[in-house]
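Each remark here refers to the structure printed beneath this line.
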Ligand SMILES: Cc1cc2nc3c(=O)[nH]c(=O)nc-3n(C[C@H](O)[C@H](O)[C@H](O)COP(=O)(O)OP(=O)(O)OC[C@H]3O[C@@H](n4cnc5c(N)ncnc54)[C@H](O)[C@@H]3O)c2cc1C
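In the numbering used here, the protein residues as written are 281 to 906.
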């Protein structure tokens, strides 16, 4: 049973239960006691928020997200090492457990609620959003963005990692990182369990949702009609179509907190401190050397200082890791001077921001009542199926059923390094009746009311075509030296013409999916209503799609690369993830990717966490025996 919905089931049973309450009080009491004791040792119980942080630890990990949770687990495997994990947010909730409700976590306390800056006029984007600003949700919770995400499990393309290695990062080629993907994985799909690309028994449960609409299979068949194989896109070759795999367990979200922290929550050498907002990494200068000595954070309304004997590992994600480094004096000299922050180390922190950008709101209509609509799937029988059977529409991976990696005419000639990804969903912006999707997208009322509101009674589906390796890069800077003020996020989308051209080709391939026999069975057709602001252009022309892209710019929430790994002057960390020129400080999260991976980054970030922990163990073993 999904524990999250227990109150609902108790609520339903209450009137009938009242009569026998007295009779069963003692056995109930005993059962509760047994349960209580069991919960103290149950490997799936929630982590404990430590109230008394010790003055000193061997390792301090900042941020308990996709990477940080892995690091806290793996470093505390060494019993003689003490580890402190500091997380700004609290624990997961009942709602965050339910896969189909992923979108309902945004704009809550579990979200940092970031927004992009309004674009400059020479390359506009996000014009369909209020204030021309796209929302960039980030998890502020134990488990980080793995608690807010759509749970899609994708590893990226082997050439991504071979490129990282070729850029001067030995040990990061595909053959080196594959074992770390497998180390975490517990794949429950029978047809993948025996593949040499997958493994079983790891902490992270990976499987398909037990539910799908008939359109999911149409999507796979459509891919075949277009010449793409139905294959394991995390295996030998990435190009093709696939039913999405997700990080779910028994129908519920398997965040990194659930996967990596709950099973080890009773380790004596691991303290987890929630609601602990890190404001500064402390360093000292010893001759020509800069050494990390500790961390300052706020908890319960006061500032705490904790010392690190061996290392501090920064895993606060692609937005907050550069912010924390800059607040600590590690960043671009001129940027720090602008805010009056004393310079510790001049490094290109916050540059090279990369994201998977694409087109939102591309909508197709069908005639059959088979799409994922709120009125059809947020019902009591559906909730009961989820509670008692761990299955049904509520186990849907944030509404995404299929994935595809396709090649435009600009793609690598090998055909093995696709430039566009599709997320297929049997729903669109209208499917929740205007309740939540338009809100979390920050859509202007005129756009929603013109294009999607008239479709509320309709059956619709969508493809999100995304650019896998954008040329345009952005930047994260400080808005203020106040650590509680959100940083400035400037994604700088579409400044390279090729990014627009590739996406237009990707949109055309998506349109072709609707024209296949597999979708024509359902009389699939595009929504021809024009985007307000683009009416001057002919529907389907290059100019129209470019205008649409610059309006309904869609981030799939994958920022990366702001503390990039490498040995060139722009690199922030070296190939062992040590901050250049600062002893005892590493960064391990999405920010270290030299180039964004070709696919959803959660699994790659977990791999980075695994590899970082492995390297830290190696380095300290070496230091001990030398
Ligand atoms: C809405 C959404 C949907 C997504 N969907 C998918 C998907 O389906 N599949 C996929 O692969 N990827 C998806 N992603 C992206 C993926 O989840 C992220 O790339 C990944 O989780 C990033 O991991 P991280 O460790 O770099 O950062 P995070 O997981 O964000 O972790 C950073 C942690 O640091 C904490 N922190 C930050 N600042 C401080 C501070 N000052 N003090 C203390 N703690 C701090 C944060 O609260 C957070 O817990 C999605 C992301 C979002 C937001």
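Yeah, the Cβ is synthetic: ideal placement off N, Cα and C, and Gly gets one too.
Between residue 451 and residue 442, the C-beta gap is not smaller than 8 Å, which leaves the two residues out of contact.
For residue 786, the closest alpha carbon among the candidates 765, 758, 826, 753 is that of 826. Our two residues, residue 334 and residue 555, have alpha carbons roughly 16 Å apart in a direct line.
With a beta-carbon spacing of about 37 Å, residue 828 and residue 605 fall beyond the 8 Å limit used to define contacts. For residue 561, the enclosing beta strand (DSSP E) stretches over residues 557-566. At a threshold of 7 Å, residue 367 counts as near ligand 1, since its beta carbon sits closer than that to one of the ligand's heavy atoms. Under the three-state reduction of DSSP, residue 793 is assigned to helix. Residue 837 has its CB nearer than 7 Å to a heavy atom of ligand 1.
Taking 7 Å as the cut-off, the C-beta of residue 851 does not count as close to any heavy atom of ligand 1. The segment 888-901 makes contact with the segment 863-870; the number of CB pairs closer than 8 Å reaches 3 or more. When DSSP assignments are scanned along the segment 733-796, the uninterrupted stretches of alpha helix (DSSP H) that are 4 or more residues long and fall wholly within it turn out to be 777-795.
Under the three-state reduction of DSSP output, residue 902 falls in the helix class.
A direct Cα-to-Cα measurement between residue 770 and residue 397 gives close to 6 Å. One Cα belongs to residue 362, the other to residue 337, and the distance between them is close to 5 Å. Distance from the CA of residue 515 to the CA of residue 476, rounded to the nearest whole angstrom, comes to 8 Å. A straight-line Cα-Cα distance of about 6 Å links residue 406 and residue 832. Annotated as distal: residue 808 and residue 684, with beta-carbon spacing of 8 Å or more. For residue 500, the enclosing alpha helix (DSSP H) has its first and last residue at 494-505. Taking C-alpha positions only, residue 367 is separated from residue 648 by approximately 46 Å. Distance check between residue 608 and each of 558, 581, 633, 587 places 558 closest, using alpha-carbon atoms only. Secondary structure of residue 379 (DSSP, three-state): helix.
Excluding the 5 residues flanking it on each side, residue 482 has same chain C-beta neighbours closer than 8 Å at 462, 463, 464, 465, 466, in chain order.
In the three-state reduction of the DSSP assignment, residue 336 falls in the strand class, which pools E and B.
In the DSSP assignment, residue 634 is bridged to 840. Around the beta carbon of residue 478, a 10 Å sphere encloses 16 or more other beta carbons of the protein chains shown; the residue is thus reported as buried. Residue nearest to residue 644 within the set 376, 422, 460, 791 is 791 (criterion: CA-CA distance). Taking residue 542 as the centre and dropping the five residues before and after it, the same chain places the C-beta of 323, 324, 325, 326, 327 closer than 8 Å to its C-beta, in chain order. As computed with DSSP, residue 703 is found in a beta bridge with 683, 744.
Distances from the alpha-carbon of residue 426 to those of 492, 893, 536 put 536 closest. Secondary structure of residue 536 (DSSP, three-state): helix. Going by DSSP, residue 412 is part of no beta strand (DSSP E) at all; its letter is neither H nor E.
Sequence-distant partners of residue 723 (beyond 5 residues in either direction) whose C-beta falls short of 7 Å from its own C-beta, in its chain, are 408, 409. The segment 512-532 makes contact with the segment 668-683; the number of CB pairs closer than 8 Å reaches 3 or more.
Relative to ligand 1, residue 870 has its C-beta within less than 7 Å of a heavy atom. Residue 624 places its beta carbon 8 Å or farther from that of residue 585. In the structure shown, the three-state DSSP call for residue 675 is helix.
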